[in-house]
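Asker: Residue numbers (the numbering used here), protein chains in the order written: chain A, 3 to 282; chain B, 16 to 276. C-beta: ideal position from N, C-alpha, C; glycine also. Let me give you the structure first, and then I'll get to my questions.
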Amino acid sequence: MSSAPLLDVQDLQVSFADRHGDWIDAVKSVSFTLGRERLGIVGESGSGKSQTGRAIMGLTPPEARVRASRMRLGETDLLTCSPQQRRELRGKRMTMVLQDPKFSLNPVMTIGEQIVETLQAHRPMSRAQALEETLSALVAVQIDNPQRVFGLYPHEVSGGMGQRAMIAMMLCPEPDLLIADEPTSALDVTVQLQVLSILDKLVSQRGMGLIFVSHDLRLVSSFCDRILVMYAGRVVEELKAGGLSQAQHPYTRGLLHCLPKLGQPVRPLPTLSRQAEWLL
Amino acid sequence: MSASGVGIRLQHLRVNFGSFVAVDGIVLQVEPGESFGIVGESGSGKSTLLRALCGLVPMARGGMTLFQAQGQAALPALGSPAYRRMVQIVFQDPYGSLHPRQTVDRILSEPLIIHNVEGQQARIVRALDEVGLGASFRFRYPHQLSGGQRQRVAIARALILEPQILLLDEPTSALDASVQAEVLNLLDDLRQRRGLTYVMVSHDLAVVTHLCSRLMVMQGGRCVEMAAADDLAARRVHEPYTQALMAASEGFRREQTENGV
């Protein structure tokens with residue numbers, strides 16, 4: 003495992019058919035490899051960042067077309083997997099944290115029961131053991147009163163608490179790869195940082211690979227080891243963490259400059275003038 | 016429009032939902048032509064305060080009056096049609112605040128019909144021009160517009176009655192960063208041209224300080240700190256909560272992982 007990268011994606015393409023039956027590429031030729039590190043994928047809505055994450059998970063809608071010259075998770079070839087094998091990989095070796103816990107948790111099951119279900123789906127274990135592991139998973143995401151949260155429904159907890167439960171659920175099968183699709187966008191800024199620090203600690207403790215998909219360039223650059231900037235389905239630039247000021251591509255620089263900054267008022271704010279050649 | 020804008024004065028405003036006190040004891044004066052920001056996290060009562068200002072939720076106690084710098088013309092009282100015409104609101108989510116089965120033309124004519132305004136056609140064209148959309152957008156449906164274009168329609172709908180006070184409830188939080196910059200520039204520009212008074216709610220300190228000269232930090236329905244934008248820029252804030260918000264706006268820092276924020 004140590005020699006091969008954790009995840010190797012070459013020329014990933016995800017296309018959707020429009021109403022005339024023509025294929026529209028949401029993701030056009032994305033290539034990257036991932037080790038046990040934190041990789042950020044940044045872009046605006048429609049840049050293909052979420053579809054990239056979903057294609058790796060195998061969650062692309064059935065009517066869409068996914069093509070790649072290579073897509074491997076460790077030794078496993080994801081392109082030739084049967085849906086059955088894919089289902090086994092999901093949850094066991096790679097999991098995904100979605101944006102809004104209000105919509106991604108089951109609304110009619112208590113949080114505890116959902117985690118118990120996840121555990122028992124992946125490893126045969128007694129209910130007593132599943133209960134015990136669920137409580138310790140809730141403790142690991144810094145939930146102070148796990149007994150109480152266990153019995154609550156998703157609508158009874160705050161967004162930050164829900165997202166922590168979601169992270170607990172996704173980490174309990176001990177996957178190799180975690181894909182987090184805008185995991186903190188629905189949360190308040192202060193809660194955002196708490197959730198991120200929990201995620202950060204667990205990912206580094208367990209030596210997982212993390213793909214962090216977000217629209218927030220500044221947040222991602224402060225959190226990830228490496229950043230891919232996507233525009234219109236392509237990776238336009240790859241940056242090292244903290245290398246944001248050395249960004250070369252006009253799109254990255256434009257995105258960075260159009261954010262208002264505390265204490266450095268610029269009026270009017272620079273806006274992004276999109277160039278046709280970025281699409282090439 | 017007029018050189019002398021309209022301000023708002025709040026006295027010990029309180030809003031209850033049943034036995035829950037959502038907003039309590041807010042004392043505030045927003046000067047005519049000023050741009051005032053309200054910051055806080057979800058549940059702090061910032062949106063409720065804004066909704067109380069435009070009469071969407073009833074106040075349990077306290078009062079609110081409009082005032083002008085000079086000229087003591089009688090200003091409308093809260094709840095009257097004239098008040099509503101003077102105070103308009105732009106909501107957070109342009110995907111939810113526009114009627115999905117009405118064209119832009121229909122959306123913009125609704126306030127004009129309600130308030131019996133003359134010259135509707137010309138006003139609609141002018142309002143679209145002012146927000147940088149142009150007349151070609153007039154007969155489109157919301158689903159045919161991007162998020163930024165929808166928010167421009169929502170701003171046009173608020174401006175079409177020529178209000179003096181514009182309430183902005185997180186006007187850019189549903190938008191991409193580059194679109195956010197365009198909408199912020201538009202709002203800045205409109206305020207200068209029309210002498211509008213803004214009250215803007217946001218959870219993003221950088222956005223608020225960009226648009227507003229003064230702001231209030233809310234927590235648990237109460238005001239915890241008043242600060243000028245310059246104070247924030249120079250980090251002259253006292254409340255721990257405001258400091259936490261400031262730290263949060265600078266992104267993630269690994270050292271702080273142990274104790275959280």
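1. Along the stretch 35-65 of chain A, what residues have a CB closer than 7 Å to any CB found in chain B?
2. How about Lys263 of chain A: is its C-beta nearer than 8 Å to some C-beta of chain B?
3. According to DSSP, is Met168 of chain A helix, strand or coil?
4. Find the nearest neighbour of Asn108 of chain A within the set A:Met168, A:Ser138 and A:Ser49, judged by alpha-carbon distance.
5. Under a Cβ-count criterion, where at least 16 other Cβ atoms within 10 Å of its own Cβ denotes burial, should Gln207 of chain B be classed as buried or exposed?
6. Would DSSP call Ser206 of chain A helix, strand or coil?
7. For His217 of chain A, count neighbouring C-beta atoms within 10 Å of its own C-beta (all shown protein chains included) and say buried if the count is 16 or more, exposed if not.
8. Count the C-beta pairs between the stretch 130-137 of chain B and the stretch 70-84 of chain B that are closer than 8 Å, then say yes if the count reaches three, no if not.
9. If the cut is a Cβ gap below 7 Å, which residues of chain B does Phe225 of chain A touch?
10. Beta-carbon of Ser112 of chain B versus every beta-carbon of chain A: anything under 8 Å?
11. Assign Ala19 of chain A to one of two classes, buried (16 or more other C-beta atoms within 10 Å of its C-beta) or exposed (fewer than that).
12. Which residues in chain B sit within 7 Å of His22 of chain A, going by Cβ to Cβ distance?
13. Short of 7 Å Cβ to Cβ, which residues in the stretch 216-237 of chain B face chain A?
14. So, does the CB of Ala248 of chain B fall closer than 8 Å to a CB anywhere in chain A?
15. Using the beta-carbon of each residue, which ones in chain A are nearer than 8 Å to Ala263 of chain B?
16. For a test of the three-state rule: what should DSSP assign to Val118 of chain A, helix, strand or coil?
17. How many angstroms separate the CA atom of Glu125 of chain B from the CA atom of Met241 of chain B?
18. Assuming Arg29 of chain B and Val38 of chain B make a contact with CB atoms under 8 Å, what is their CB distance in whole Å?
19. Assign Phe152 of chain B to one of three DSSP states: helix, strand, or coil.
20. Check distances from the C-beta atoms of the stretch 190-217 of chain B to those of chain A and list, in chain order, the residues that come in under 7 Å.
21. In angstroms, rounded to a whole number, what distance separates the CA positions of Thr224 of chain B and Lys61 of chain B?
22. Taking Glu56 of chain B as the query, report the chain A residues whose CB atoms sit under 8 Å from its CB, ordered along the chain.
23. Judging by CA-CA distance, which residue of A:Arg129, A:Pro148 and A:Ala130 is the nearest neighbour of Ser138 of chain A?
Answerer: In this structure, then:
1. Glu46 and Ser47
2. yes
3. In the three-state scheme derived from DSSP, where H, G and I count as helix and E and B as strand, Met168 of chain A is classed as helix.
4. A:Met168
5. exposed
6. helix
7. buried
8. no
9. Phe267
10. no
11. exposed
12. Those within 7 Å of His22 of chain A in chain B number zero; the least Cβ separation is about 18 Å.
13. His218, Leu220, Ala221, Val222, Thr224 and His225
14. Answer yes: the Cβ-Cβ gap between Ala248 of chain B and chain A drops below 8 Å somewhere.
15. Under a criterion of Cβ atoms nearer than 8 Å, the residues of chain A adjacent to Ala263 of chain B are, in order, Val191, Thr192, Gln194 and Leu195.
16. The three-state secondary structure of Val118 of chain A, taken from DSSP, is helix.
17. 37 Å
18. 6 Å
19. In the structure shown, Phe152 of chain B falls within a helical segment according to DSSP collapsed to helix, strand and coil.
20. Residues of the stretch 190-217 of chain B with a C-beta less than 7 Å from any C-beta of chain A: Asp191, Ala192, Ser193, Ala196, Glu197, Leu199, Asn200 and Asp203, listed in chain order.
21. 16 Å
22. Chain-order list of chain A residues neighbouring Glu56 of chain B: Asp190, Val191, Thr192 and Val193, by C-beta distance under 8 Å.
23. A:Pro148
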